[in-house]
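J.:
Number of protein chains: 2
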Amino acid sequence: MGDDAYDEPLFFQVMQYAARADRDVVGMVSGDPDWEPPQALRDGLREYADADSDQFQYPPSEGLRELRAEIAERRNVDPARVVVTNGAGEANYLTMARAMERGSGSEFLLTDPVYPYYPGKATMLGGEATKVPVLESGDPDVAAMREAASPETAAILVNTPNNPTGAVYDRETVEALHDVAAENDALLLVDEVYDHFDFSGDFESALTLDSDRVLVTSGYSKSMAITGFRVGYAVFPEELVPEAKTRHMLVNVATNRPGQVAVLRALRETSPDYYEGTRDMLRERIGSFTDALDAAGAAYTSPRGAFYVLARFEDFPGTLSNVETLIDEAGVAGMPGEAFGDAYADWIRFALVTPRADEAASRLADYFA
Amino acid sequence: MGDDAYDEPLFFQVMQYAARADRDVVGMVSGDPDWEPPQALRDGLREYADADSDQFQYPPSEGLRELRAEIAERRNVDPARVVVTNGAGEANYLTMARAMERGSGSEFLLTDPVYPYYPGKATMLGGEATKVPVLESGDPDVAAMREAASPETAAILVNTPNNPTGAVYDRETVEALHDVAAENDALLLVDEVYDHFDFSGDFESALTLDSDRVLVTSGYSKSMAITGFRVGYAVFPEELVPEAKTRHMLVNVATNRPGQVAVLRALRETSPDYYEGTRDMLRERIGSFTDALDAAGAAYTSPRGAFYVLARFEDFPGTLSNVETLIDEAGVAGMPGEAFGDAYADWIRFALVTPRADEAASRLADYFA
């Protein structure tokens, strides 16, 4: 495996450095929600603990029938197209493997900046990753993507709402990416795990394109604040389902049932208010955090979706070493921009998953004052 | 992917056929325990449902520190060698992938009969599967394995206590297999998921060989009667750990935390009586089931480990079609021997995971009388 496969542990490296620090540090490295999961999720788990022991045995490999039905209804697709996975992480692995198996190229076109697992997975699967810098808005540069695409392209893989830029791709952009994929007999893989964190109102799922080239992944790690439960899913075009199911079965047998049962209950019983409440809380956090960045004289992104802010401080590029300096001297831990590619190497990513985001912001303002 | 990858759904095919049958059927197809999990496991899950929401977030990718420590203590290895996986299924996938990545061959030497996931995984990973018929005792034919091994051999993969033969390999056999692996610069992968189901007293873990060629997998699906929880592990030689961890991270990010927490509690609080009680119950079931097979004039295996009995009825080979006939006409569902390879194609496997094993046995005795 290439170096790319080892990018992600940088997250852990930074978190460990922060944990060892000789002072109080506000952690804004990893995207673990700090808010409460839906009450019904806890209820589901509590009830499950007392279920008959036959409920503790293998669920269907592709996921509990009722859960797939709930997912399919929300996504407006045939339940037969849904595979429940060990988080969106496995879902992305399955869609990328499926793209490789078509025998139509082995290159993945990615954006720069990019979530580092994608190039890591590409390399692990024996493919190559090509990163195309995004526009200043954080949106994909469709013209540059078209330029980079070739018959060697197995898939274009994007993430919207986007980590780390906060962009929410509009429908025209996704359609245009789909066209580029189609022109090169490639697939379009869209990771929509932040689908519940759209502040712009512009998010539209790629599933609405209703194309047999579109594979969509998502999960409940973020929307239900349960990154440790590992329940996600992939929606495949019908003819790509069987081999994806086989790989899922041969790698994992099935996704854990306690998690599936709890998520099913939460899907059924959680009102839209829960998600709206989370968005409101995040909007507020983002607002006061970026206000403080203004005070610090930093450039920054104002996320239209997801919950990350990229900030650029003058003469202070987003290297691992500068991130460590910020931990020691300001007491704030972010993620080096260089972890996401070259395009935002000067930036530092802050995950707004702490009630102390305000405190972090004023520490940054003081430090850079 | 080759045909092998599609063997396992035969399990589901048979179970679905049994479910659709127009009569009462005793199900003995799949290896889902029908007994109670340890009480502490339910306690662990119940307590977890009320834990702080930060306990619902990503565990370390390689598994909870305390869980790895408990596993390492029981297996008498360094915790750094343990990776907690999504069941023994993912553990086997990781060890097989690791064997391929060494660049020392791409062939897996397996036994015939064999658990059908192994050849399926080999094919998925781009390797080949070679099956070597076992001895009449169900033990591996070491001489034939040596004959079949070559520099093309990436690994020898065995399962003890064995599904489906019920053999428990003695230490000399495992040592001899290790020698064959070493002679061909291959690894020895040992799936010990039935380690708690040794009725013979002869089981010894391959980890006692203390060799840097030995990779051992196991899990809690069977020993704690929780096939749906997906908590297993692999123990790697130290120098093979890093890439295995990376693959685990890139495929699954981590193993679900509710399951890890519940298993950890159960490991800590469950007395040996629980496991001894299960073995006693199974010994009794096996005894009365095989007595009835005697009455039916069938040949059968008397398992020294695991919980499967292979039976051969005169002029009634273990084809899918005959298995369906038994469902319709005798009301007993087993697994076609042909699913496990050629060596036991005349046999039918019965999983003793139903309190109605006696009933099934007398139905078989009546049918073949």
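These protein sequence lines map, in sequence, to chains A and B.
Here the first sequence is numbered in the UniProt record's numbering, starting from 1 and rising by one per residue.
Here the second sequence is numbered in the UniProt record's numbering, starting from 1 and rising by one per residue.
Quick reminder that beta carbons are idealized off the backbone N, C-alpha and C, glycines included.
For clarity, every value in this text was computed on a predicted model and none was experimentally measured.
(1) Please confirm whether N159 (chain A) has its beta-carbon closer than 8 Å to some beta-carbon of chain B.
(2) Going along the stretch 90-101 of chain B in order, which residues come within less than 7 Å of chain A, judged by CB to CB distance?
(3) Taking 8 Å as the threshold (C-beta atoms), are A343 (chain B) and D191 (chain B) in contact?
(4) Does chain B have any CB closer than 8 Å to the CB of M15 (chain A)?
(5) Select from A:A122, A:L177 and A:Q260 the residue whose C-alpha is nearest the C-alpha of E147 (chain A).
(6) Which residues in the same chain as residue 371 (chain B) place their Cβ atom closer than 6 Å to its Cβ, once the five residues preceding and following it in sequence are excluded?
(7) Give every residue of the same chain whose Cβ lies closer than 7 Å to the Cβ of A345 (chain B), excluding the five residues on either side of it in the sequence, and list them in chain order.
(8) Which whole runs of the alpha helix (DSSP H) in the stretch 59-132 of chain B are 4 residues long or more, in chain order?
(9) Comparing C-alpha positions only, which one of A:L187, A:V174, A:T160 and A:E172 sits nearest to E152 (chain A)?
(10) Please list, in chain order, all residues of the same chain as D4 (chain B) whose beta carbon is under 7 Å from its beta carbon, the five residues on each side excluded.
(11) Are the CB atoms of H196 (chain B) and Y275 (chain B) nearer to each other than 8 Å?
(12) So what does DSSP say about D162 (chain A), is it helix, strand or coil?
(13) Report yes if the C-beta distance between T270 (chain A) and D34 (chain A) is below 8 Å; otherwise report no.
(14) Pick from A:E70, A:Y93, A:K131 and A:G341: whose alpha carbon is nearest that of L320 (chain A)?
(15) When you compare the CB of W35 (chain B) with every CB in chain A, is at least one pair closer than 8 Å?
(16) Give me the Cβ distance between A206 (chain A) and V193 (chain A), rounded to the nearest whole Å; I'm assuming they're in contact under 8 Å.
(17) Are the Cβ atoms of A234 (chain A) and V83 (chain A) separated by less than 8 Å?
(18) So D154 (chain A) packs on A99 (chain A), CB below 8 Å; how close in whole Å?
(19) Between the stretch 59-69 of chain A and the stretch 251-260 of chain A, do three or more beta carbon pairs fall short of 8 Å?
(20) Tell me the DSSP secondary structure of I348 (chain A) in three-state form.
(21) Label S218 (chain A) either buried or exposed according to how many other C-beta atoms from any shown protein chain fall within 10 Å of its C-beta, with 16 as the threshold for buried.
(22) Measure the Cβ-Cβ separation of S200 (chain A) and V168 (chain A) and say whether it is below 8 Å.
(23) Do you know how far the Cα of A80 (chain A) is from the Cα of E238 (chain A)?
(24) Please report how far the alpha carbon of D273 (chain A) lies from the alpha carbon of K222 (chain A), in whole angstroms.
(25) If you draw a straight line from the alpha carbon of D22 (chain B) to that of Y220 (chain B), how long is it in whole angstroms?
(26) Sort B:A262, B:S30, B:L94 and B:L189 by Cα distance to E47 (chain B) and report the nearest one.
(27) Would a check of beta-carbon distances place A266 (chain A) closer than 8 Å to chain B?
(28) Which residues mark the beginning and the end of the alpha helix (DSSP H) in which R363 (chain A) is found?
(29) Taking a cut of 7 Å between CB atoms, which residues from the stretch 297-325 of chain B lie near chain A?
(30) Going straight from the alpha carbon of G103 (chain A) to that of T95 (chain A), what length do you get?
(31) Looking only at its own chain, which residues have a Cβ that is under 8 Å from the Cβ of L64 (chain A), when we skip the five neighbours before and after it?
(32) Can you give me the C-alpha to C-alpha distance between A18 (chain A) and L189 (chain B), rounded to a whole angstrom?
(33) Looking at G305 (chain B) and N162 (chain B), is the spacing between their C-beta atoms short of 8 Å?
(34) CA-CA distance, K131 (chain B) and D52 (chain A)?
(35) Going by the CB atoms, is the gap between G331 (chain A) and residue 377 (chain A) shorter than 8 Å?
(36) What does the Cβ neighbour count give for G44 (chain A), buried or exposed, with the cut at 16 atoms within 10 Å?
T.: In brief:
(1) no
(2) E90 and Y93
(3) no
(4) no
(5) A:L177
(6) Because chain B in this structure spans residues 1 to 369, residue 371 (chain B) falls outside the shown range and cannot be described.
(7) P317, G318, G337 and E338
(8) 65-75, 87-101 and 117-124
(9) A:L187
(10) Any reading at D4 (chain B) needs caution, since the residue's pLDDT is 41, under 50, leaving its predicted position unreliable; the model's value is listed next. P119, G120, T123 and A129.
(11) yes
(12) A small correction: the amino acid at residue 162 (chain A) is Asn; Asp does not occupy that position in the sequence shown. DSSP places N162 (chain A) in coil when its eight states are reduced to three.
(13) no
(14) A:G341
(15) yes
(16) In fact, because the Cβ distance is near 13 Å, the residues do not count as touching under 8 Å.
(17) yes
(18) According to the sequence displayed, residue 154 (chain A) carries Ala and not Asp. At roughly 4 Å, the Cβ-Cβ gap stays under 8 Å, so A154 (chain A) and A99 (chain A) are in contact.
(19) yes
(20) strand
(21) buried
(22) yes
(23) 7 Å
(24) 16 Å
(25) 35 Å
(26) B:A262
(27) no
(28) A357 to F368
(29) none
(30) 14 Å
(31) V84, R257, Q260, V261 and L264
(32) 38 Å
(33) yes
(34) 39 Å
(35) The question about residue 377 (chain A) has no answer here: the residues shown for chain A are numbered 1 through 369.
(36) buried
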